[in-house]
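Numbering (the working numbering), first residue to last: 1 to 417. Note that the Cβ used here is the ideal one computed from N, Cα and C, for glycine as well. The model shown is predicted, which means the values in this text are computed figures rather than measured ones. The structure appears right after this line, and notes come after that.
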């Protein structure tokens with residue numbers, strides 16, 4: 001990875017980076033950080049993974065996705081760098097992961113952002129993105145996910161996440177389980193990172209009611225709120241992390257624009273995270289794909305759905321702990337449609353096997369995600385509700401109904417007209 005980047009001129013070192021790792025909330029937190037920085041007139045790049053519909057979603061500058069022409073130019077640039085590597089090392093093979101990361105860094109080097117907000121992949125310490133020197137590192141909530149590669153305990157997984165700590169730089173996180181906190185403490189002490197741990201009730205306050213969440217941040221140099229964040233109480237935690245990171249970036253450099261930050265937090269729209277796709281019936285798209293996320297979604301849904309009949313469309317990838325992920329949502333639903341969304345080199349858990357595994361009543365299996373969605377909408381009726389969850393890949397497949405990929409690409413937004 002580093003050899004390829006050297007051949008490409010080390011594009012990852014040409015702009016300041018804010019790196020975000022974690023099990024749950026890292027995508028939302030990355031978007032919120034980007035929004036808060038843009039509120040100060042900064043030119044901000046955002047890299048998120050995975051994309052839902054178009055690869056251009058991973059390359060965001062300001063409010064716009066990369067254009068098709070820009071993406072093609074970045075691909076050409078990548079192949080030129082790969083050719084240089086082949087000349088130096090005839091045995092070199094360009095692989096999917098290193099290709100994507102190199103393309104990303106090169107794309108933003110040419111765009112010259114003031115900051116790049118960089119979301120890690122599944123891990124952090126050995127993640128291909130962990131080749132920068134971030135100005136600020138952020139670790140969101142840590143839980144059990146990707147255990148085959150990251151380890152079977154939250155302490156092992158926390159060790160991977162803590163690998164983005166850097167000497168002399170702030171690492172912003174939240175108070176979590178004692179064993180998680182201990183691992184992060186040890187890593188920060190080992191490398192000489194400056195730990196900033198935020199606590200609910202001290203550094204931020206959240207008020208919940210009526211399906212809405214208001215949030216107040218109480219930092220040392222930044223005080224913000226109350227701001228209404230909308231549905232999803234966990235977004236207050238992500239907003240606190242975003243505020244904590246931006247507070248570090250602005251310290252001694254700029255006076256925070258409190259009003260602009262509040263407006264930015266309130267209007268940030270998150271793709272595939274409690275995303276409202278339709279009002280009649282109410283259709284919610286959420287990419288919750290681990291037990292931590294699905295439990296949070298199950299707690300949130302009653303406040304959104306109310307007394308409506310709820311039909312859940314559920315699917316997970318084949319390597320997930322399917323029963324633990326899907327049970328909380330299945331239990332909250334009146335009826336369930338199990339489905340599967342296969343993607344390149346990743347197989348989904350077969351729909352019929354899922355139905356047998358979870359074992360709820362009032363369930364059916366429909367392998368095709370779009371057929372499953374149509375069935376669920378019919379079952380819910382215009383006054384009911386549908387929640388599609390269990391996999392970001394599944395959300396990406398059904399999202400096409402409301403926001404077609406060709407328009408996402410041409411209009412350079414996840415929410416085209």
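* To do: Look up residue 382 in the DSSP assignment and give the residues it is bridged to.
  => In the DSSP output, where bridge partners are listed per residue, residue 382 has none listed.
* Near residue 8, what residues of its chain come up, given a Cβ to Cβ distance below 7 Å and the 5 sequence neighbours on each side ignored? -> 81, 102, 106, listed in sequence order.
* Please report how far the alpha carbon of residue 347 lies from the alpha carbon of residue 318, in whole angstroms. => Going by the C-alpha atoms only, they are around 6 Å apart.
* Which residue's Cα is closest to the Cα of residue 332: 217, 117, 313? -> That would be 313, whose Cα lies nearest to the Cα of residue 332.
* Residue span of the alpha helix (DSSP H) that contains residue 18, given as start and end -> Unbroken run through residue 18 is the beta strand (DSSP E), 17-21; no alpha helix (DSSP H).
* State yes or no: is the C-beta of residue 165 nearer than 6 Å to some heavy atom of the ligand SAH? => This structure lacks the ligand SAH; in fact it carries no ligand of any kind.
* To do: Examine the Cβ distances between the segment 366-375 and the segment 333-341 and report whether three or more of them are shorter than 8 Å.
  => Enough Cβ pairs lie closer than 8 Å, so yes.
* Could you tell me the distance, in whole angstroms, from the CA atom of residue 164 to the CA atom of residue 414? => Linking residue 164 to residue 414 through their CA atoms gives a straight-line distance of about 29 Å.
* **DSSP-derived helix/strand/coil call for residue 207** => If DSSP states are grouped into helix, strand and coil, residue 207 belongs with the strands.
* Based on the DSSP output, what are the partners of residue 317 in its beta bridges? -> Beta-bridge pairing by DSSP links residue 317 to 348.
* Who are the near neighbours of residue 53 in its chain, counting only those whose CB is closer than 7 Å to its CB and skipping five residues on each side? -> For residue 53, where only same-chain residues beyond five positions count, the Cβ hits under 7 Å are 396, 399, 400, 405, 408.
* Asked: When you compare each of 120, 349, 113, 5 to residue 41 by their alpha carbons, which one comes out closest?
  -> Looking at the Cα atoms, 113 is the closest of the given residues.
* Asked: Counting along the chain, where does the beta strand (DSSP E) carrying residue 157 start and finish?
  -> For residue 157, no beta strand (DSSP E) run applies; the uninterrupted alpha helix (DSSP H) run containing it begins and ends at 154-161, by DSSP.
* To do: Entirely within the segment 262-288 and at least 4 residues each: give me those alpha helix (DSSP H) ranges in chain order.
  => For secondary structure counted as the alpha helix (DSSP H) over 4 or more consecutive residues, the segment 262-288 holds no complete run.
* Asked: Does the beta-carbon distance from residue 242 to residue 59 come in below 7 Å?
  -> No, these two residues do not count as a Cβ contact at 7 Å.
* To do: Would you please state the rounded distance, in angstroms, between the beta carbons of residue 244 and residue 196? I believe it to be under 8 Å.
  => Confirmed, Cβ separation roughly 6 Å.
* Assuming residue 226 and residue 386 make a contact with CB atoms under 8 Å, what is their CB distance in whole Å? -> About 31 Å separates the two Cβ atoms, so there is no contact after all.
* To do: Go ahead and pull the three-state DSSP assignment for residue 94.
  => Coil, per DSSP.
* Please list the segments of the alpha helix (DSSP H) lying wholly inside the segment 85-142, counting only runs of 4 or more residues, in order along the chain. => With a minimum length of 4 residues, the continuous alpha helix (DSSP H) runs that stay inside the segment 85-142 are 96-111.
* **Classification of residue 215 by the beta-carbon crowding that lies within 10 angstroms, buried from 16 upward** => So residue 215 ends up on the buried side.
* Asked: Hey, is the segment 140-151 in contact with the segment 292-304, meaning 3+ C-beta pairs nearer than 8 Å?
  -> Contact between the segment 140-151 and the segment 292-304 is present, because at least three Cβ pairs lie under 8 Å.
* To do: Report the option in 330, 74, 315 whose CA atom is closest to the CA atom of residue 301.
  => Measuring from the Cα of residue 301, the nearest candidate turns out to be 330.
* Asked: How big is the Cα-Cα spacing for residue 403 and residue 263?
  -> Taking the Cα positions, residue 403 is about 25 Å away from residue 263.
* Work out the CA separation of residue 92 and residue 83 for me, nearest whole Å. => Taking the straight line from one Cα to the other gives about 9 Å.
* To do: Find the nearest neighbour of residue 279 within the set 384, 361, 86, judged by alpha-carbon distance.
  => With distances taken between Cα atoms, residue 279 lies closest to 384.
* Asked: Going along the chain, which residues of its own chain have a beta-carbon closer than 6 Å to the beta-carbon of residue 335, five neighbours each way excluded?
  -> Cβ neighbours of residue 335 beyond the five flanking positions: 311, 362, 379.
* To do: Report buried or exposed for residue 69, applying the criterion of at least 16 other Cβ atoms within 10 angstroms of its Cβ.
  => Label assigned to residue 69: exposed.
* Among 249, 26, 61, 181, which residue has its Cα nearest to the Cα of residue 236? -> Per the Cα distances, 26.
* Asked: Three-state secondary structure (DSSP) at residue 401?
  -> Looking at residue 401 - three-state DSSP - the assignment turns out to be coil, as it is neither helix nor strand.
* For residue 110, which option in 374, 208, 15 has the closest C-alpha, if you only look at C-alpha atoms? -> Looking at the Cα atoms, 15 is the closest of the given residues.
* To do: Name the two residues that bound the continuous alpha helix (DSSP H) containing residue 429.
  => The first residue shown for the chain is 1 and the last is 417, placing residue 429 beyond what the model contains.
* Asked: Per DSSP, which one or two residues make a beta bridge with residue 144?
  -> According to DSSP, residue 144 bridges with nothing at all.
* To do: Tell me whether residue 45 sits in a helix, a strand or coil according to DSSP, three-state version.
  => Strand at residue 45.
* Between 22, 359, 32, which lies nearest to residue 271 when the distance is taken from Cα to Cα? -> In terms of Cα proximity to residue 271, the closest of 22, 359, 32 is 32.
* To do: Please list, in chain order, all residues of the same chain as residue 246 whose beta carbon is under 8 Å from its beta carbon, the five residues on each side excluded.
  => Closer than 8 Å at Cβ, skipping near neighbours: 33, 36, 37, 222, 256, 261.
* Exposed or buried, what is residue 117 when buried is set at 16 or more other beta-carbons lying within 10 Å of its beta-carbon? -> By the neighbour-count rule (16 or more Cβ atoms within 10 Å), residue 117 is buried.
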